[in-house]
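Trainee: Below are the structure tokens for one structure; questions will follow.
There are 2 protein chains.
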Amino acid sequence: MRCEVVAVGTELLLGQIVDTNSAWIGEQLALVGIDSHFQTKVGDNLDRIVAALRGSLERSEAVIVCGGLGPTHDDITRSALAAVMGVELRRDPEVADAIRHMFESRGRAMPGNNLLQADVPEGATVIEQRRGTAPGLICPMGDQVLYAVPGVPHEMREMMERAILPDLRRRAGATATILSRTLRTWGDSESGLAERLADRIAELDERGNPTLAFLASGIEGLKVRITAKGPDEAGCREVLAYEEHVIRQLLGELVFGTDDETMEVAVGALLDAQGLRLGLAESLTGGMIGSRLTATPGASAWFRGSVVAYASDVKFEVLGVPEGPVVTAEAAEAMAAGACRVLGADVGLAVTGVAGPAEQDGERPGTVFVGLSRDSGTESVRLQLPGDRDRVREFATITALDLLRHRLLSRRA
Amino acid sequence: MRCEVVAVGTELLLGQIVDTNSAWIGEQLALVGIDSHFQTKVGDNLDRIVAALRGSLERSEAVIVCGGLGPTHDDITRSALAAVMGVELRRDPEVADAIRHMFESRGRAMPGNNLLQADVPEGATVIEQRRGTAPGLICPMGDQVLYAVPGVPHEMREMMERAILPDLRRRAGATATILSRTLRTWGDSESGLAERLADRIAELDERGNPTLAFLASGIEGLKVRITAKGPDEAGCREVLAYEEHVIRQLLGELVFGTDDETMEVAVGALLDAQGLRLGLAESLTGGMIGSRLTATPGASAWFRGSVVAYASDVKFEVLGVPEGPVVTAEAAEAMAAGACRVLGADVGLAVTGVAGPAEQDGERPGTVFVGLSRDSGTESVRLQLPGDRDRVREFATITALDLLRHRLLSRRA
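Chains as they are written, first to last, in this note's numbering: chain A, 1 to 413; chain B, 1001 to 1413.
And the structure:
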């Protein structure tokens, strides 16, 4: 079964908004084993939307149209669907009631044009809207089908998962199930990982299932994606669990998380389990490490705070760093110890370095020192990071947290 | 003149990478007055790339193909172009030399498949590659034209600006020039801005040029985009300058920057000009404000640092906040004053609040207090911000900086 995606909106063609919906839908289709060979962006123009839909139906059994379902005069996806189906639009009284009710329940007056969203092509089924006002549509055409979803990403995703993916799988009959799991790593390059996994990749290449892919994702880590194909979900999960086990054996502590588990989540869980409270001293990163850590709900259990010591004399006066150059191992260690003391923390983590573009203390951009202070003493690591100012700061953040993770793992062991 | 974009790469269809290239190209085309009615994504499959190109050529005079020019067996855009043109590929000796030379100059051995990148369809012109190895192509077909550019964004952009946009404009003849300028605002809603500008929008609607559009961009502000159309660049710039003047008159200090000028840049420039040094005390935002400020090169002239006081007793002990509830106006003011004292700053800015999902100190998620401390005294503002944890933190960041901006503007006046 093949399913294309048509994203509707002049703002997409003009580059005012990047179309992330098609990419997400493509990923979901791949995971349920449905091919998507073409994805098209088209503006808010009736003839061109109709042409795009007809073109897609010539090549594929199913089409998902995304966007153009709102209440304004620009929202013409419903009319385009009716034209392609060769039917009229009829106002659905239940949908109209639901829209009226939504406005009433929020105590707001409903502009009349909102009822346009209750117009449904004859023969189409409505996908109930649970988050906004525009419902989705399932429009069967013989043995083909057109789906319409709103362009608002979270409304689209909810409808895809609840209604469209199940409907597509039912229509596709006994497709294979495809599931994937991502292992997040830090500490080795893509080619380094490939080398560590070379024998296993060769074995899997011969067998054909599961498959492995690498994806460099900056501050989110270097990801190894395992994709398993099987007759059912249970079988796929078993293959994924076994393969995760094999890869973890080969990569060891390079793996810090699975799927959505960030480095912050991994570090937070270790601190929490060991009853330790973390304090930071940030110079180069300017608060980025604290900001990432506190994006994790529950951080207050293990995160005390951060001294962002951007000016050198804040390092000297607040953190007690000895006066002198501040891009050094000694400064990083003193900052970490100062963070423990000032913030009342059990563990202190510090970052100082040169983001660029200019040199500092005779060190070139990308030179970074990470300091760590614990009851057992202080230590530091020198890094030379690639890239521009933003990349240096991001790599410094994940690398510093990764150092802490390794030390916490050893402490536990 | 119409120009379509075809983005090539199976990873785009699978959602492993979001296609940002087409959006950028679409924006550039709009700015030079060329319509782009359809943009297509297609995988690394010869027949389907050929079908996509032929479909585009049926509708448009020009097509830009993006991606699939690399050295591996997946990179088949060159072959697809030759098939559409009905010609053979010939190896270009100059391009081959340039590729060999690039590897030699970096002291690296050249894998033989790199020379595939020197294959050029007969009748096509090469666009010299200045950043990587794969050159671009200009393939004329009667009065139509196909362009090929690499999928690596910075290589693509450089070739678009240097070779393709000028070539397109020449072919299009006397197209209008279109230029735009964005005014960034904070402090009023989209509908509020529309109301303030209603009379001006009505005037412009009648005249048709320039046009105004609104774009909500989260922590980057609410943008008002002015787009001017004219016979030449100088004329457009004049229209933009006048319209910017008119809108600034109507919006006053709501406007904090133009085009790429962030709120951090605006605040930094004011601090720098007034010789003031800023210190932060962050709770809710966990370091996000410091991280944004230090992303600005030159921040060391006016930024001292931040005390990220996530744990309440860091607020009490380090910042001198009186013991008690910490999501209050008093706590925000004491934090701001503490930031000045601890960090040796002239101005202290503090944020405390409830990011959610749970309540704190009897306040619901989204409740935020911003404190400000200066030589003239301390003050605070209470905000109720919408959205989830991430949005509350981002809105708190830009709103706190905006408060500081207004106070610095009054001080200057």
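Just so it is clear, CB atoms sit at the ideal spot from N, CA and C, and this is done for glycine as well.
Using DSSP bridges, identify the partner residues of residue 363(A).
Mentor: As a position in the first sequence, residue 363(A) is number 363, starting the count at 1. As a beta-bridge residue in DSSP terms, residue 363(A) pairs with 360(A).
Trainee: Can you check which of these residues, 1048(B), 1114(B) and 1037(B), is closest to residue 1073(B) by C-alpha distance?
Mentor: Here residue 1073(B) corresponds to residue number 73 of the second sequence, with the count starting at 1. Per the Cα distances, 1114(B).
Trainee: Since I believe residue 1082(B) is in contact with residue 1121(B) (beta carbons under 8 Å), could you give me their beta-carbon distance rounded to a whole number of angstroms?
Mentor: In the second sequence, counting from the first residue as 1, residue 1121(B) sits at position 121. In the second sequence, counting from the first residue as 1, residue 1082(B) sits at position 82. Indeed they touch by this definition, with Cβ atoms about 4 Å apart.
Trainee: Can you tell me which of 142(A), 132(A), 161(A) and 11(A) puts its alpha carbon nearest to the alpha carbon of residue 45(A)?
Mentor: Here residue 45(A) refers to the residue found at position 45 of the first sequence. Checking every option, the nearest Cα to that of residue 45(A) belongs to 11(A).
Trainee: Only counting the same chain, and skipping five residues up and downstream in sequence, which positions put a Cβ closer than 8 Å to that of residue 1302(B)?
Mentor: On the second sequence, position 302 is the one that residue 1302(B) refers to. Excluding residues within five positions, the ones whose Cβ falls inside 8 Å are 1268, 1271, 1272, 1276, 1277 and 1278.
Trainee: Mind checking residue 245(A): buried by the 16 CB within 10 Å criterion, or exposed?
Mentor: Residue numbering aside, residue 245(A) sits at position 245 when the first sequence is read from its first letter. Exposed, because fewer than 16 other Cβ atoms sit within 10 Å of the Cβ of residue 245(A).
Trainee: For my contact list, residue 15(A) and residue 1107(B) are in at a C-beta cut-off of 8 Å; report their separation, rounded to the angstrom.
Mentor: Taking the first residue of the first sequence as position 1, residue 15(A) is located at position 15. Taking the first residue of the second sequence as position 1, residue 1107(B) is located at position 107. Contact flag wrong, Cβ pair sits at about 39 Å.
Trainee: Considering only C-alpha positions, which residue in the set 1043(B), 1047(B), 1066(B) and 1006(B) is nearest to residue 1037(B)?
Mentor: Along the second sequence, read from residue 1 onward, the residue named residue 1037(B) stands at position 37. If we check each option's Cα against that of residue 1037(B), 1006(B) comes out closest.
Trainee: Would you say the region 1304-1316 of chain B touches the region 1227-1245 of chain B, given that touching needs at least three Cβ pairs under 8 Å?
Mentor: no
Trainee: Short of 6 Å in beta carbon distance, which residues of its chain neighbour residue 293(A), apart from the five on each side in sequence? Order them along the chain.
Mentor: Taking the first sequence and counting its residues from 1, one reaches residue 293(A) at position 293. Taken in chain order, the residues that qualify are 264, 299 and 303.
Trainee: On a CA-only basis, which of 1177(B), 1187(B), 1366(B) and 1104(B) is nearest residue 1402(B)? Give me that one, please.
Mentor: On the second sequence, residue 1402(B) is found 402 positions in, with the first residue counted as 1. It is 1187(B).
Trainee: Rounded C-beta distance between residue 394(A) and residue 218(A)? I'm assuming under 8 Å.
Mentor: By one-based count along the first sequence, residue 394(A) stands at place 394. By one-based count along the first sequence, residue 218(A) stands at place 218. Right, their Cβ atoms sit about 6 Å apart.
Trainee: Taking beta-carbon pairs under 9 Å, can you tell me which members of the region 382-395 of chain A lie near chain B?
Mentor: 389, 390 and 393
Trainee: Please classify residue 358(A) as buried or exposed, where buried requires at least 16 neighbouring CB atoms within 10 angstroms.
Mentor: Within the first sequence, residue 358(A) is the residue found at index 358, counting from 1. Counting Cβ neighbours within 10 Å, residue 358(A) comes out exposed, since fewer than 16 surround it.
Trainee: At which residues does the beta strand (DSSP E) containing residue 119(A) begin and terminate?
Mentor: Counting from one through the first sequence, the residue named residue 119(A) turns up at place 119. Run containing residue 119(A): 119-121, per the beta strand (DSSP E) assignment.
Trainee: Judging by CA-CA distance, which residue of 1353(B), 1064(B), 1085(B) and 1039(B) is the nearest neighbour of residue 52(A)?
Mentor: Working through the first sequence from its first residue, we reach residue 52(A) at position 52. That would be 1039(B), whose Cα lies nearest to the Cα of residue 52(A).
Trainee: Are residue 84(A) and residue 168(A) close, meaning C-beta to C-beta below 8 Å?
Mentor: Within the first sequence, numbered from 1, the residue matching residue 84(A) stands at position 84. Within the first sequence, numbered from 1, the residue matching residue 168(A) stands at position 168. The answer is no: Cβ separation not under 8 Å.
Trainee: Using 8 Å as the limit for Cβ to Cβ distance, is residue 313(A) near chain B?
Mentor: Position 313 of the first sequence, counting from 1, holds the residue named residue 313(A). Chain B contact via Cβ: present.
Trainee: Give the straight-line distance between the Cα atoms of residue 1289(B) and residue 286(A), rounded to the nearest whole angstrom.
Mentor: As a working mapping, residue 1289(B) is identified with position 289 in the second sequence. As a working mapping, residue 286(A) is identified with position 286 in the first sequence. Their backbone Cα atoms lie some 9 Å apart in a straight line.
Trainee: Short of 9 Å Cβ to Cβ, which residues in the region 288-306 of chain A face chain B?
Mentor: 288, 289, 290, 291, 292, 293, 294, 295, 297, 299, 300, 303, 304, 305 and 306
Trainee: Does the beta carbon of residue 1105(B) sit closer than 8 Å to a beta carbon anywhere in chain A?
Mentor: On the second sequence, position 105 is the one that residue 1105(B) refers to. Cβ-Cβ to chain A under 8 Å: no for residue 1105(B).
Trainee: Going along the chain, which unbroken runs of the alpha helix (DSSP H) with 4 or more residues stay wholly within the region 1246-1311 of chain B?
Mentor: 1263-1274 and 1288-1293
Trainee: Is any beta-carbon of chain B found at less than 8 Å from that of residue 357(A)?
Mentor: Here the question's residue 357(A) lines up with position 357 in the first sequence. Closer than 8 Å to some Cβ of chain B, the Cβ of residue 357(A) qualifies, so yes.
Trainee: Is the Cβ-Cβ distance between residue 1031(B) and residue 1254(B) less than 8 Å?
Mentor: Position 31 of the second sequence holds residue 1031(B). Position 254 of the second sequence holds residue 1254(B). Result no, Cβ atoms of residue 1031(B) and residue 1254(B) do not sit closer than 8 Å.
Trainee: Scan the region 18-31 of chain A for residues whose Cβ lies nearer than 9 Å to a Cβ of chain B and list them as they occur along the chain.
Mentor: 18, 19, 20, 22, 23, 24, 25, 26, 27, 28, 29 and 30
Trainee: For residue 28(A), which three-state DSSP category applies?
Mentor: For the purposes of this step, residue 28(A) is taken as residue 28 along the first sequence, with counting starting at 1. Of the three classes helix, strand and coil, the one that applies to residue 28(A) here is helix, per DSSP.
Trainee: Verify the CB distance criterion: does residue 1016(B) have a CB-CB separation below 8 Å to chain A?
Mentor: Numbered from 1 along the second sequence, position 16 holds the residue referred to as residue 1016(B). Yes, because at least one Cβ of chain A sits closer than 8 Å to the Cβ of residue 1016(B).
Trainee: Of all Cβ atoms in chain B, is any one closer than 8 Å to the Cβ of residue 147(A)?
Mentor: In the first sequence, the residue the question calls residue 147(A) occupies position 147. Closer than 8 Å: no.
Trainee: Kindly say whether residue 1376(B), judged by its beta-carbon, lies nearer than 8 Å to any beta-carbon of chain A.
Mentor: What you label residue 1376(B) is simply residue 376 of the second sequence in a count that begins at 1. Judged by the 8 Å Cβ criterion, residue 1376(B) is not in contact with chain A.
Trainee: Quick one: what does DSSP say residue 1133(B) is sitting in, helix, strand or coil?
Mentor: Working through the second sequence from its first residue, we reach residue 1133(B) at position 133. Reduced to three states, the DSSP call for residue 1133(B) is coil.
Trainee: In terms of alpha-carbon separation, which member of 1259(B), 1164(B), 1306(B) and 1172(B) lies closest to residue 282(A)?
Mentor: The residue labelled residue 282(A) in the question sits at position 282 within the first sequence. For residue 282(A), the nearest C-alpha among the options comes from 1306(B).
Trainee: How far does the beta strand (DSSP E) with residue 1382(B) in it extend, from its first residue to its last?
Mentor: In the second sequence, counting from the first residue as 1, residue 1382(B) sits at position 382. From DSSP, the beta strand (DSSP E) with residue 1382(B) extends over 1377-1384.
Trainee: Taking Cβ positions only, does residue 1169(B) come closer than 8 Å to chain A?
Mentor: Residue numbering aside, residue 1169(B) sits at position 169 when the second sequence is read from its first letter. No - not a single Cβ of chain A is within 8 Å of the one on residue 1169(B).
Trainee: Terminal residues of the continuous alpha helix (DSSP H) containing residue 1192(B)?
Mentor: Along the second sequence, read from residue 1 onward, the residue named residue 1192(B) stands at position 192. From DSSP, the alpha helix (DSSP H) with residue 1192(B) extends over 1190-1196.
Trainee: According to the neighbour-count rule (16 or more other Cβ atoms, all chains shown, within 10 Å of its Cβ), is residue 148(A) buried or exposed?
Mentor: Residue 148(A) sits at position 148 when you count from the first residue of the first sequence. Buried, since its Cβ has 16 or more Cβ neighbours within 10 Å.
Trainee: According to DSSP, is residue 1072(B) helix, strand or coil?
Mentor: For the purposes of this step, residue 1072(B) is identified with residue 72 of the second sequence, where counting begins at 1. DSSP places residue 1072(B) in coil when its eight states are reduced to three.
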